[in-house]
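Enquirer: Heads up, the sequence shown is in our numbering, so the first residue is 310 and it goes up one at a time. The structure is given below, and queries will be raised subsequently.
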Amino acid sequence: MVYPEASRWGAPDTIAPLYDDVYRADGVLSTVNVVEALQEFWQMKASRNGNTASGGSSALVIYESVPAAHPPYVCYVTLPGGACFGSFQNCPTKAEARRSAAKIALMNSVFNEHESRRISEHFIEKAVAEARASFAGDAASHHQDSSAGIAAFRFMLEANKGRTMLEFQELMTVFQLLHWNGSLRAMRERQCSRQEVVAHYSARALDDAMREQMAREWASREREAQAGGGVIRNELARAERELRAARVAARELRFPKEKRDILLLAARLAPTSTSDLNARN
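As structure tokens, this is what we get:
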């Protein structure tokens, strides 16, 4: 990864142990309907911020159950702003998987209200330093130049001062995907300024059109690869490992989930050498 895990940025020492003790949270939340509580939390937040004109869509919490014929079942929940969490427990029913995802999302939503989660000058300096350190340990295996991604990352944070990390997550994920996909480097080579790039993608949602565009680029790489291919297969295996590790550790996981979804679409667009790929969650 190019950027540090957003779920841990700026976590104060007194609150960070929450992530280590998340498996013991059942006793605290056992009497709470976490699915309803999570929706109510974001509805109240939208109301406080005056975001009521869209009929509540700005507070919509979206659940996605992974198709499975037998347990353990897996569910993901995406929050307003783009942050995504998954069921971190071994869930015997689909309803329990939904509650598990809602539970960790609710805990993070409450934690997100802490002042340390708001993007400030101190936050930016720390996040950029962690991004450089994170990339330094990964550069050799991915053969990537960090300069474009780090510079765009700093500029993007500067442009979003005052917002919290969960509110910022979708834009963050877009730029993580652009860096992973090689698009930031391509835009720099075309002499696009950081201001132009950030302004353009700040106004774009992470939607099916963007996913399909990236998937077609990966499918093209697969077709252009030497005999045997394996470009998508290898990248998909990495994304699935990252996704599962983040899910069972109760971490924010939008980036690896989007990578996996894009690569699965790419596999369908380049079926000749990837027809035996199966999604693992």
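Heads up, the beta-carbon is just placed ideally off N, CA and C, and yes, glycines get one too. Remember, predicted model here, so these are calculated numbers, not experimental data.
From I459 to R513, what distance separates their C-alpha atoms?
Expert: As a working note, residue 459 is residue 150 in the sequence shown. As a working note, residue 513 is residue 204 in the sequence shown. Answer to the nearest angstrom: the Cα atoms are 21 Å apart.
Enquirer: Can the beta-carbon of G391 be found closer than 8 Å to that of I428?
Expert: As a first step, residue 391 must be located in the sequence shown, where it is residue number 82. As a first step, residue 428 must be located in the sequence shown, where it is residue number 119. The answer is no: Cβ separation not under 8 Å.
Enquirer: Helix, strand or coil: how does DSSP classify E373 here?
Expert: Residue numbering aside, residue 373 sits at position 64 when the sequence shown is read from its first letter. Here E373 sits in strand by DSSP.
Enquirer: Specify the secondary structure class of R547 as computed by DSSP and reduced to three states.
Expert: Translated into positions along the sequence shown, residue 547 becomes position 238. The answer is helix: DSSP assigns R547 an H, G or I state.
Enquirer: With distances taken from CA atoms, which of S374, S396, V341 is nearest A555?
Expert: As a first step, residue 555 is located in the sequence shown; it is residue number 246 there, counting from the start. Among S374, S396, V341, the Cα nearest to that of A555 belongs to S396.
Enquirer: With a 10 Å radius around its C-beta and 16 neighbouring C-beta atoms as the bar for buried, classify H431 as buried or exposed.
Expert: In the sequence shown, the residue the question calls residue 431 occupies position 122. By the 10 Å Cβ count, H431 comes out exposed.
Enquirer: Taking the alpha carbon of M416 as the reference point, which residue from N469, L347, A468 has its own alpha carbon closest?
Expert: Mapped onto the sequence shown, residue 416 falls at position 107. Checking every option, the nearest Cα to that of M416 belongs to L347.
Enquirer: Quick check on F397: does DSSP put it in helix, strand or coil?
Expert: In the sequence shown, the residue the question calls residue 397 occupies position 88. Coil at F397, not helix or strand.
Enquirer: Taking three-plus beta-carbon pairs below 8 Å as touching, is the region 347-356 in contact with the region 367-380?
Expert: Touching, per the Cβ criterion.
Enquirer: What is the rounded straight-line gap between the Cα of S529 and the Cα of A440?
Expert: In the sequence shown, counting from the first residue as 1, residue 529 sits at position 220. In the sequence shown, counting from the first residue as 1, residue 440 sits at position 131. Each residue's Cα considered, the two are about 29 Å apart.
Enquirer: Does DSSP classify R560 as helix, strand or coil?
Expert: Translated into positions along the sequence shown, residue 560 becomes position 251. R560 falls in the coil class under three-state DSSP.
Enquirer: May I have the straight-line CA-CA distance separating A558 from I541, to the nearest angstrom?
Expert: Position 249 of the sequence shown, counted from the first residue, corresponds to residue 558. Position 232 of the sequence shown, counted from the first residue, corresponds to residue 541. Approximately 26 Å, taken between the alpha carbons.
Enquirer: Can you find a CB in chain C that lies within less than 8 Å of the CB of G471?
Expert: Note that chain C does not occur in the displayed structure, where there is just one protein chain.
Enquirer: To which residues of the same chain is A534 closer than 6 Å at the C-beta, ignoring the five residues directly before and after it?
Expert: For the purposes of this step, residue 534 is taken as residue 225 along the sequence shown, with counting starting at 1. Cβ within range, chain order: V540.
Enquirer: What does the Cβ neighbour count give for Q504, buried or exposed, with the cut at 16 atoms within 10 Å?
Expert: To locate residue 504, count along the sequence shown from 1; it is residue 195. Burial call: exposed.
Enquirer: If we call anything under 8 Å between Cβ atoms a contact, is T473 one with L515?
Expert: The count along the sequence shown starts at 1 and reaches residue 473 at position 164. The count along the sequence shown starts at 1 and reaches residue 515 at position 206. Going by C-beta atoms, T473 is not nearer than 8 Å to L515.
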